[in-house]
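Residue numbers (the working numbering): 572 to 1118.
The C-beta atom is built at its ideal place from N, Cα and C for all residues, glycine as well.
Okay, structure first, notes after.
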Ligand SMILES: Cc1cc2nc3c(=O)[nH]c(=O)nc-3n(C[C@H](O)[C@H](O)[C@H](O)COP(=O)(O)OP(=O)(O)OC[C@H]3O[C@@H](n4cnc5c(N)ncnc54)[C@H](O)[C@@H]3O)c2cc1C
């Protein structure tokens, strides 16, 4: 239940603490956005916001970023998000380029390798091993250098007051209760989210009873550039080799072998690893027993407070999508907030955050559950049947493509939200990131480096006048207008707008469905509208622009 707007919303633990009053919106403690939680999603959201000139403060309850063995694989899409946040060079230093996942059957034989449908399409390797603690540290350092951003460690948020114009949060830092105000608050405070509880937002789904031992070890000899899922019902397990001899192992435990909150037994660790290697205690970098959850918050927004990442959804890790989904949340919301704060979009645009993100997240949670229950089953009969069915499916081209190109993953596309649907050309899809020759910069570079981080209006084989008229139509969005020289043709007249040339057929392939059209691309690289110059303007979208 959402509480009345003007009453402070507090956790039960702090309800008896004296009210410290609200921050004055004009005071030094007021910023554009407060982010609760310096986990990877909060730090990502804050970086994206600060890169767009938004003043943002992150409150984190711990003194340091976390050192838990959690996310181990980051997608190409997520690396593209960090390109927009100006952090990708730093992060490429902590990831190992990876190709996907190889699945092994019940008897230990490889069955198929699941990789990208079009490797490199988004400008980065597909599925890349890394360690979440390294990511959090790197993002914190990145944020430290961004003007307008600050991270306050050892500051536990204990209460939140959503509001129509300003939100207030109360936090406790070094024993002192303080209050700060912001136009928006982002709850990035993880699965046990205090903010979500304060707002009275429940979750739907279930928790899984199985215990998993998760180990990060050093001195490992695995050199594969992909993860390995061993679907042996006797002992389902996952291996993900990382850089410099690091390796992640995840073992499903049998009853009595361990439980969350207990210290894993080194004798058990050594025995589980014995088929792959010997190990000394000092080579165990991290070891935790987890239980996983499939849970989605019932609503992701209360007035000007939004839920992101694990605060909004949790899933088993078998598709490697928990953090990647949280990064998508941040990438979806950050530019919308920045545009609303800058007056480029009306605040109704923010409704599209949940409309767009929820269906993909729910489908990803379902996929993660299915992968867990099928690939990681301990039921020998089910495992035999599974292996038989997959081997039969792999005999057909469609079956091969389904498994080897991961077509079982839900497509990341939007059918409703901040876009103008079209029967004429694909809308709501993320455009790839081919290399282009940028005639203005006189060099070959990645598409996003040429287009920048704001809206882009692209003319795919339209004339210069048509591009100029369309730019005037969407002027409030301040898009960067450019011509695409594709299918071997330049724009017909001299043009003030930059021209991007295809260099290796990838730009051609990406924009073939848009030939003869204007393409409006959002800052998160999704196509918001595509229309022929002589057709009706994308009115569905224009209503989000200020008059
Ligand atoms: C074993 C395992 C393997 C995984 N593998 C993958 C993978 O390969 N790929 C993938 O994409 N995902 C993976 N995940 C999921 C991923 O780790 C999570 O989705 C991710 O940590 C979520 O990030 P977050 O920032 O939303 O939340 P968190 O990481 O939980 O961070 C929340 C932050 O908020 C802080 N906080 C909490 N309450 C407060 C408060 N009241 N005030 C201030 N601060 C607060 C916390 O201290 C913490 O720093 C895995 C998870 C596990 C457990």
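Can we count residue i as close to ligand 1, meaning its CB is less than 7 Å from some heavy atom?
i: residue 894; result: yes
i: residue 818; result: no
i: residue 850; result: no
i: residue 854; result: no
i: residue 607; result: yes
i: residue 600; result: no
i: residue 1014; result: no
i: residue 781; result: no
i: residue 638; result: no
i: residue 833; result: no
i: residue 869; result: no
i: residue 665; result: no
i: residue 612; result: yes
i: residue 765; result: yes
i: residue 760; result: yes
i: residue 888; result: yes
i: residue 641; result: yes
i: residue 644; result: yes
i: residue 631; result: yes
i: residue 882; result: yes
i: residue 897; result: yes
i: residue 711; result: no
i: residue 727; result: yes
Could you give the C-beta distance for residue i and residue j, rounded to a whole number, given that I count them as a contact under 8 Å?
i: residue 1097; j: residue 999; result: 6 Å
i: residue 738; j: residue 756; result: 5 Å
i: residue 1085; j: residue 1010; result: Actually they do not touch by this definition, with Cβ atoms about 20 Å apart.
i: residue 786; j: residue 860; result: That belief does not hold up - the Cβ atoms of residue 786 and residue 860 are roughly 10 Å apart, past 8 Å.
i: residue 682; j: residue 958; result: 7 Å
i: residue 692; j: residue 1003; result: 4 Å
i: residue 863; j: residue 888; result: 7 Å
i: residue 699; j: residue 778; result: Contact doesn't hold; Cβ gap of about 29 Å is too wide.
i: residue 772; j: residue 873; result: 7 Å
i: residue 759; j: residue 610; result: 6 Å
i: residue 1069; j: residue 1053; result: 5 Å
Assign residue i to one of three DSSP states: helix, strand, or coil.
i: residue 776; result: strand
i: residue 635; result: coil
i: residue 1014; result: strand
i: residue 923; result: helix
i: residue 678; result: coil
i: residue 911; result: helix
i: residue 906; result: helix
i: residue 989; result: coil
i: residue 615; result: helix
i: residue 1107; result: coil
i: residue 628; result: strand
i: residue 1027; result: strand
i: residue 897; result: helix
i: residue 582; result: The predicted model places residue 582 with a pLDDT of 37, which falls under 50 and marks its position as unreliable, so this point remains unresolved.
i: residue 932; result: helix
i: residue 573; result: Note on residue 573: pLDDT 28, under 50, position unreliable in the model; no value is reported.
i: residue 610; result: coil
i: residue 1099; result: strand
i: residue 1020; result: helix
i: residue 802; result: coil
i: residue 796; result: coil
i: residue 687; result: coil
i: residue 1112; result: helix
i: residue 786; result: strand
i: residue 620; result: helix
Please confirm if the region 704 to 724 is in contact with the region 633 to 644, defined as three or more CB-CB distances below 8 Å between the two stretches.
Between the region 704 to 724 and the region 633 to 644 there are three or more inter-stretch CB-CB distances shorter than 8 Å, so the stretches are counted as touching.
Whole alpha helix (DSSP H) elements within the region 812 to 889, 4-residue minimum:
Counting whole runs of 4 or more residues, the region 812 to 889 contains the alpha helix (DSSP H) stretches 837 to 844.
Would you be able to state if there are at least three C-beta pairs under 8 Å between the region 825 to 837 and the region 966 to 977?
A contact is defined here as three or more CB-CB pairs under 8 Å, and the region 966 to 977 fails this definition with respect to the region 825 to 837.
Could you check whether the region 901 to 920 touches the region 611 to 627, counting it as contact only if at least three pairs of C-beta atoms, one from each stretch, sit closer than 8 Å?
Taking 8 Å as the limit for Cβ pairs, the verdict is that the region 611 to 627 does touch the region 901 to 920.
Fully enclosed by the region 691 to 775, which beta strand (DSSP E) runs are 3 residues long or longer?
Listed in chain order, they are 698 to 700, 720 to 723, 726 to 732, 738 to 744, 747 to 758.
In chain order, each beta strand (DSSP E) run of at least 3 residues that lies wholly inside the region 935 to 1015:
Segments of the beta strand (DSSP E) lying fully in the region 935 to 1015: 1006 to 1009.
Which parts of the region 636 to 674 are runs of the beta strand (DSSP E), unbroken and 3 residues or longer, counting only runs that do not cross its ends?
Entirely contained in the region 636 to 674, the beta strand (DSSP E) runs reaching 3 residues are, in chain order, 644 to 646.
Which ranges does the alpha helix (DSSP H) cover as unbroken runs of at least 4 residues, wholly within the region 1037 to 1089, from first to last along the chain?
Those alpha helix (DSSP H) runs which fall completely within the region 1037 to 1089 and span 4+ residues are 1077 to 1082.
Would you call the region 720 to 733 and the region 660 to 679 touching, i.e. three or more CB-CB distances under 8 Å?
With a cut-off of 8 Å, the region 660 to 679 and the region 720 to 733 do not count as touching, because too few Cβ pairs lie within range.
Can you confirm whether the region 1103 to 1113 touches the region 658 to 670 when touching is taken to mean that 3 or more C-beta pairs between the two stretches lie within less than 8 Å?
The region 1103 to 1113 and the region 658 to 670 do not touch, with fewer than three beta-carbon pairs separated by less than 8 Å.
Using 8 Å as the threshold, is the region 604 to 616 in touch with the region 624 to 636, meaning 3 or more CB pairs across them?
Yes, the region 604 to 616 is in contact with the region 624 to 636.
Determine contact between the region 917 to 927 and the region 777 to 784, defined as no fewer than three beta-carbon pairs at a distance below 8 Å.
Between the region 917 to 927 and the region 777 to 784, the count of Cβ pairs shorter than 8 Å is below three; the stretches do not touch.
Could you check whether the region 888 to 904 touches the region 873 to 880, counting it as contact only if at least three pairs of C-beta atoms, one from each stretch, sit closer than 8 Å?
Contact between the region 888 to 904 and the region 873 to 880 is present, because at least three Cβ pairs lie under 8 Å.
Between the region 801 to 817 and the region 935 to 948, do three or more beta carbon pairs fall short of 8 Å?
The region 801 to 817 is in contact with the region 935 to 948.
Decide if the region 648 to 662 is in contact with the region 930 to 946; the criterion is three or more beta carbon pairs, one per stretch, under 8 Å apart.
Contact between the region 648 to 662 and the region 930 to 946 is absent, with fewer than three C-beta pairs closer than 8 Å.
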